[in-house]
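The block underneath contains the structure these notes are about, expressed in C-alpha cells.
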Amino acid sequence: MTTERALRTVDMHINVGPQHPATHGVFRMVLEVDGERVAGCTPYIGYLHRGFEKLAENEEWQEVIIHLDRTDYISQFNNELCYAMGMERLLGVEPPERAEYARVILAELNRIVSHMMFYGAFGADVGALTPFLYAFRERERLQRLFEAVSGARLMHFYFRAGGLKEDLPEGFADELRRMLPAVQHGIDECDRLLTQNEVFLSRTVGVGKLAASEAIAYGCSGPVLRASGVREDVRRSDPYSLYPTLDFDVPVGKNGDCFDRYWVRLAEMRESVRIVQQCLDRLPEGPIRTPVPRYPHFRVEPGEIYVHTENPRGDYGLYLVSKGGVQPYRVKLRSPCFCNLMALGPMLRDSYLADAVVILGSLDIVLGEVDR
Amino acid sequence: MLGVLKGLVTTWKTHWRAPVTVQYPDERLPLQPRYMGFPGLMWDAEHDEPFCTGCQVCMRYCPTGCMFVEMKDNPKFATGESKRRKIVADFTINLSRCISCSICVEVCNFEAIEMTHHHERAGYYPDQVAGLPTLFQMSADHRAGVGQKPGHETRNLL
Ligand code: SF4
Ligand code: SF4
Chain A
4 MTTERALRTV
14 DMHINVGPQH
24 PATHGVFRMV
34 LEVDGERVAG
44 CTPYIGYLHR
54 GFEKLAENEE
64 WQEVIIHLDR
74 TDYISQFNNE
84 LCYAMGMERL
94 LGVEPPERAE
104 YARVILAELN
114 RIVSHMMFYG
124 AFGADVGALT
134 PFLYAFRERE
144 RLQRLFEAVS
154 GARLMHFYFR
164 AGGLKEDLPE
174 GFADELRRML
184 PAVQHGIDEC
194 DRLLTQNEVF
204 LSRTVGVGKL
214 AASEAIAYGC
224 SGPVLRASGV
234 REDVRRSDPY
244 SLYPTLDFDV
254 PVGKNGDCFD
264 RYWVRLAEMR
274 ESVRIVQQCL
284 DRLPEGPIRT
294 PVPRYPHFRV
304 EPGEIYVHTE
314 NPRGDYGLYL
324 VSKGGVQPYR
334 VKLRSPCFCN
344 LMALGPMLRD
354 SYLADAVVIL
364 GSLDIVLGEV
374 DR
Chain B
32 MLGVLKGLVT
42 TWKTHWRAPV
52 TVQYPDERLP
62 LQPRYMGFPG
72 LMWDAEHDEP
82 FCTGCQVCMR
92 YCPTGCMFVE
102 MKDNPKFATG
112 ESKRRKIVAD
122 FTINLSRCIS
132 CSICVEVCNF
142 EAIEMTHHHE
152 RAGYYPDQVA
162 GLPTLFQMSA
172 DHRAGVGQKP
182 GHETRNLL
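Line by line, the protein sequences give chains A and B. Everything in the first sequence is counted per the numbering used here, starting at 4 for the first residue and increasing by one. Everything in the second sequence is counted per the numbering used here, starting at 32 for the first residue and increasing by one.
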C-alpha cells in the first residue's frame, strides 16, 4: 500500500518561453512532462505579432518591401525577391538580366548567412558554444558585403519591381570572387568542427524523427521536409528567376532526424556557393532596372497572384491582390516557419526533455515570420 | 573520440589566426560608403540655404511617422537671391523611432535629404529628436567623411 502511494506520479508542466534562455526568439511552449519524457506540448505564438499583413494594406506597393525584410529577418533578400517577382508578374515586366543575376547571387549568399545562423544556434542548443563564434565569423564576411551592396546589414530594402534599387557597387564581382574560397573554407571548417563530434552525434542522431508522410501532412517545406527524404525544392519544382539555367543539387536526408536536418543545411550551403560561382561567371553588364510606370504614382495592374520562393527555411509564399490602386489590396504570407512549427508536436512526443530544445532548434524557426 | 579530436584540432588552429573582432568604442571597423544610418539634411552652399523646401513628402511617406516638417516663404526669394519660393521652417526627426529605411531619401523630389553614416544613438537621454541644426551637421559630417557631393543618385526610386 505504501509503495503504491510513493510511486504515484503526476505530469508536470514546464514553461519554456519568452525570457527563457534556451528558446528561439519569443516562442513559448508549455511542455507536459512525465518524468524525463515529454508527453505533450502546447505552443503559444504571437509575441512578435506586428500585423504585417494589415500594415501592408496601408503602405504603397514598393514601400511594403521594408516590412517584408522584417518578416523573416534572417533571409531578407529571399523575401524581397518573392515580393518583387509578384509585382513584376502583375505588371507584366521582366527585370534585366544583370538584375536577375544580382538577385540570385544575393539570395544564395543570404541562404548561406541564414544557414550559418542556424549552425551557430543549433550548436549552442546542443551545448557547444564554439560553433556559434565560428558561424558568426563566417557570417560577418558576407554581412559586410551586403552592407556594401545595400547600405544596411539586415534590413536591405534593395529589390524593386523591375530590378534593383541601384547597381552593385564597384568591384563587387571581384570582391566576391576573392571571398568565395574563404566562404567555402569556412563551411568546411564548420563541418569539421561539429559533424563528426560524438557528443553532437549522440545528441542529434535519431532524435526528433519526422517521417516523410508526416512531414508532408503537416505542410513542412524546406530543409525540414528534405531531411525526411522528400526531394522537394521550389527552385526545382516551380522554377523562378534564373534557377532553371543553373546547375545545383537538392540534398536530401534519409531519417528525418535532427542530424539530417543539420546535414541538409550544411550541404545546401555548399550548393549555394556553387550557384553563386556560376552566376558570377555569367554576370553580365547592363541596366539594372526595367522602367515601370511611376507617374503620378507607382501602380500595379488589377489582379491577383500567388508567388513563392525557396527561402532558407522553406516555401515562402505571398498572395498579392491588386485593385489597381497605389496600395496592395491584400498581402497574404504563407510562412514556412509557421508550417514547420506545426510538426513540433509529433516530433516532441516521447522525446526526452533535454532533447526538446535540440528539436526546436533543428526547425530553425524565425519568430518574425511565424508571428508576422 | 576521433571526431572530438578533429574538432579540437580545428579549434587549436584558430589560435594562430589574427582576431577578427575589434574593441568597439576604441576601435571601429570602417563603414561601407553606402551605409545607411540616419537621414540628414543637405546644405546648398551656392545659395547658402537648405535644399529642403519643406514640402512634407518625406513626412507623409515615412513608415514610422518620426518626421515633422514645416514650410515657410523663402525670404531670399523676394530679394531674388534664390529660386526657391518656399523653404523649410522646421524639421525634426525622432531618431529613436527612425528605422533607417531610406524611404524619405528616395521620395524627396529636391535631393535635399540623404542617409548619413551617423548611427550611434545610445545616449544618456531618451529624447533623441534631431532638429534642423543637428540634421545639417549630420549631413555635413557625413560628406566630409565620405567625400560625397550633394545630389543623390537614388532619388525617386519608389
Ligand atoms: S526633405 Fe525633401 S521631401 Fe522632405 S520636406 Fe524637404 S524637400 Fe520635401
Ligand atoms: S529613414 Fe525611414 S524611418 Fe527614418 S526618417 Fe526616413 S523614412 Fe522615416
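Even for Gly, the Cβ is constructed at its ideal location relative to N, Cα and C.
Are the C-beta atoms of G154 (chain A) and some chain B residue less than 8 Å apart?
With 8 Å as the cut-off, G154 (chain A) counts as an interface residue toward chain B.
Partner residues on chain B for F162 (chain A), Cβ-Cβ distance less than 7 Å:
Against chain B, a Cβ distance below 7 Å from F162 (chain A) picks out nothing, because the smallest value is about 11 Å.
Could you tell me whether the stretch 41-55 of chain A touches the stretch 335-350 of chain A, where touching means 3 or more Cβ pairs closer than 8 Å?
Three or more Cβ pairs drawn from the stretch 41-55 of chain A and the stretch 335-350 of chain A lie within less than 8 Å of each other, which places the two stretches in contact.
Through-space distance from D79 (chain B) to R180 (chain A), alpha-carbon basis:
Cα-Cα distance, rounded: 46 Å.
Can you tell me the Cα-Cα spacing of F167 (chain B) and R115 (chain B), whole angstroms?
About 18 Å.
So, K37 (chain B) versus R273 (chain A), is the Cβ gap smaller than 8 Å?
No, these two residues do not count as a Cβ contact at 8 Å.
Is the beta carbon of V329 (chain A) sitting closer than 8 Å to the one on R302 (chain A)?
Annotated as proximal: V329 (chain A) and R302 (chain A), with beta-carbon spacing under 8 Å.
Would you decide whether D284 (chain A) is buried or exposed? Buried here means 16 or more other CB atoms lie within 10 Å of its CB.
With fewer than 16 Cβ atoms within 10 Å of its Cβ, D284 (chain A) is classed as exposed.
Just grab the DSSP bridge partners of C44 (chain A) for me.
DSSP lists A:L34 as the bridge partner or partners of C44 (chain A).
Go ahead and label G182 (chain B) buried or exposed: buried means 16 or more other beta carbons lie within 10 angstroms of its beta carbon, across all protein chains shown.
The pLDDT assigned to G182 (chain B) is 48, lower than 50, so where the model puts this residue is not dependable, and the model offers no usable value.
Could you name the residues of chain E that P94 (chain B) contacts, counting a contact when the two beta carbons are closer than 9 Å?
As a matter of chain content, chain E is missing from the structure shown, whose protein chains are A and B.
Return the chain-ordered list of same chain residues with a C-beta closer than 6 Å to the C-beta of E391 (chain A), the five sequence neighbours on each side being excluded.
Any property of residue 391 (chain A) remains undetermined from this structure, which presents chain A solely from 4 to 375.
Given this structure, state the Cα-to-Cα distance separating I190 (chain A) from L269 (chain A), to the nearest angstrom.
In a straight line, the C-alpha of I190 (chain A) is about 8 Å away from that of L269 (chain A).
Just checking T42 (chain B) against ligand 1 - is the residue's beta carbon closer than 7 Å to any of the ligand's heavy atoms?
Remark: the shortest separation between the CB of T42 (chain B) and any heavy atom of ligand 1 does not fall under 7 Å.
Coarse secondary structure for D252 (chain A), derived from DSSP in three states:
Here D252 (chain A) sits in coil by DSSP.
Helix, strand or coil: how does DSSP classify G166 (chain A) here?
DSSP places G166 (chain A) in strand when its eight states are reduced to three.
Beta-bridge pairing of K117 (chain B) - partner residues as DSSP gives them:
Answer is B:D104, bridged to K117 (chain B).
Under 8 Å, Cβ to Cβ, is there at least one residue of chain B near P172 (chain A)?
Yes, P172 (chain A) lies at the interface with chain B (some Cβ there is under 8 Å from its Cβ).
Taking only three categories from DSSP, how would you classify N61 (chain A)?
Residue state for N61 (chain A) is assigned as coil, using DSSP reduced to three classes.
Could you give the distance in angstroms between the alpha-carbon of T185 (chain B) and the alpha-carbon of G209 (chain A)?
With a pLDDT of 49 at T185 (chain B), under the threshold of 50, the modelled position of that residue is not reliable, and the figure given next carries that caveat. Answer to the nearest angstrom: the Cα atoms are 52 Å apart.
Evaluate A161 (chain B) with the Cβ neighbour count: other Cβ atoms within 10 Å of its Cβ, from every protein chain shown; 16 or more gives buried, anything less gives exposed.
A buried status is given to A161 (chain B), since no fewer than 16 other beta-carbon atoms sit within 10 Å of its beta-carbon.
Which residues of chain A have a Cβ atom closer than 9 Å to the Cβ of R65 (chain B), listed in chain order?
Going along chain A in sequence order, the residues near R65 (chain B) (Cβ under 9 Å) are E150, A151, V152, S153, G154, A155, E169 and P172.
Find the residues of chain A that neighbour T42 (chain B), judging by a C-beta separation of less than 8 Å, and give them in chain order.
Against chain A, the beta carbon of T42 (chain B) has neighbours under 8 Å at T133 and L196, listed in chain order.
Would you grab the beta carbon distance between F149 (chain A) and I68 (chain A) for me? Rounded to a whole angstrom, and I think it's under 8 Å.
About 15 Å separates the two Cβ atoms, so there is no contact after all.
Ligand 2 heavy atoms versus the CB of T95 (chain B): any closer than 7 Å?
The answer is yes for T95 (chain B).
Which chain A residues sit within Cβ distance under 8 Å of C132 (chain B)?
Neighbourhood of C132 (chain B) in chain A, by CB distance below 8 Å: I69, M158 and F160, in chain order.
Nearest chain B C-beta to V202 (chain A) closer than 8 Å, yes or no?
Output row for V202 (chain A): interface = yes.
DSSP three-state label for A161 (chain B), please.
In the structure shown, A161 (chain B) sits in a strand (DSSP, three-state: E or B).
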